[in-house]
Each structure stands twice: as C-alpha cells, then as structure tokens.
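Participant: Heads up: the sequence shown runs through residues 2 to 153, numbered per this note's numbering. C-beta atoms are modelled at their ideal positions from N, C-alpha and C, and glycine is treated no differently. Please read these numbers as outputs of a predicted model, since none were measured by experiment.
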Amino acid sequence: MPTVMELYQLLPKTNCKKCGESTCMAFAVELLSRKKKIQDCTPILEDKFKNQREKLESLLLPSEGAGETGMIVHTELCTGCGNCVVACPVDVANDPGGAAIGCAPTNDKVIFKVVDGKVIASNIRECRRFGKNRVLCYACIDPCPTGAIEFV
Ligand code: SF4
Ligand code: SF4
Ligand code: SF4
C-alpha cells in the first residue's frame, strides 16, 4: 500500500484544483482511498507527466491475489442498466455473441451479467486489474450511473 506522500510526490503539485480538490495533497488522499482516480487530475494526462502517471498507476494497482475479494457490486445501487456488461473488455472478448453486442451473455466466461434486474459479478480473476498483466481498468466503473461498482 503506497503512502499519501508517495502519491503526492508523483502529482504535478500545482494545486490547480482541476480535480475538484483544493490541493494536490488533498487529491492524493482521495486517490489512496479510491474516491478519486488518476484521470480526475487532467494535467497528469499530459505527455510530460507520462512517467509519473505510469508510476502512480503501478502504485495504485491492487496487490497480487486480491482478485477474489477485490470487487464489490453494491446491489442496492444497481439499476440493472447493463452498462458494465457491454463496457467490460473481458465480457466483450469472452462473449462476442452476447455481451459484446449488448445482448444477454451466452456463456459463463463473462464477468458481469444482469440477473433479475441486478448485476452479478463472477470470474473476477479474469478482470484486467488482477493477474500478471494488470492494468488499472475503469471501463465498468465509468459508465455505471450509480457508482455501484467498487474495487477494494
Ligand atoms: S488537478 Fe492534479 S495538479 Fe491540479 S490540484 Fe488536482 S491533483 Fe493537483
Ligand atoms: S475493471 Fe475492467 S476488466 Fe475489470 S471488471 Fe471492470 S471493466 Fe472488466
Ligand atoms: S452499470 Fe452499474 S447500475 Fe448498471 S448494471 Fe452495471 S453495476 Fe448495475
């Protein structure tokens, strides 16, 4: 687990407030608690911060083995809209005849499926955030209108 100071050191440190926080230090606190994501700091998406951004991403990746318990879907928030099903690249790759074209999953290789109006997540080990070639994927979180998906 990185420290707030480690994250802060990698931020632009201009206190520009574009992320909605009053200082880069405040943003680092929010990053660590996963309430904000790296992309919320738009300045760090500039090419000149590429190395710092990559270091931040590697620091914020979940640790190996966290995959089995790393995702929570808050069913009380889920509206069953299906956005996460079609947005997840694993679902799209594993189910070209179903999730990839916005239809009900046709097999059990998908991570998300909607059952009785609520999403159910399974096969979490397939998630791009876990395993050997981990990336900090937000593809399911971003289109969720209610913030029902959380990684812990
Ligand atoms: S947008 Fe980035 S640079 Fe600006 S205050 Fe937030 S963390 Fe700092
Ligand atoms: S983080 Fe990416 S790979 Fe993992 S479940 Fe969400 S969309 Fe799929
Ligand atoms: S995008 Fe969010 S609200 Fe929609 S089905 Fe997925 S978890 Fe539920």
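In whole angstroms, give me the CA-to-CA distance for CYS141 and THR15.
Facilitator: 30 Å
Participant: Given this structure, state the Cα-to-Cα distance separating PRO97 from ARG130, to the nearest angstrom.
Facilitator: 21 Å
Participant: Just the C-alpha distance for ALA27 and LYS38, rounded to the nearest angstrom, thanks.
Facilitator: Roughly 13 Å separates the two Cα atoms.
Participant: Mapping the DSSP letters down to three states, classify GLU7 as helix, strand or coil.
Facilitator: helix
Participant: Of the residues ALA105, ASP109 and PRO13, which one's Cα is nearest the Cα of ASP117?
Facilitator: ALA105
Participant: Only counting the same chain, and skipping five residues up and downstream in sequence, which positions put a Cβ closer than 7 Å to that of LEU11?
Facilitator: GLN53, LYS56 and LEU57
Participant: Have a look at the DSSP bridge pairing and note the partners of VAL115.
Facilitator: VAL120
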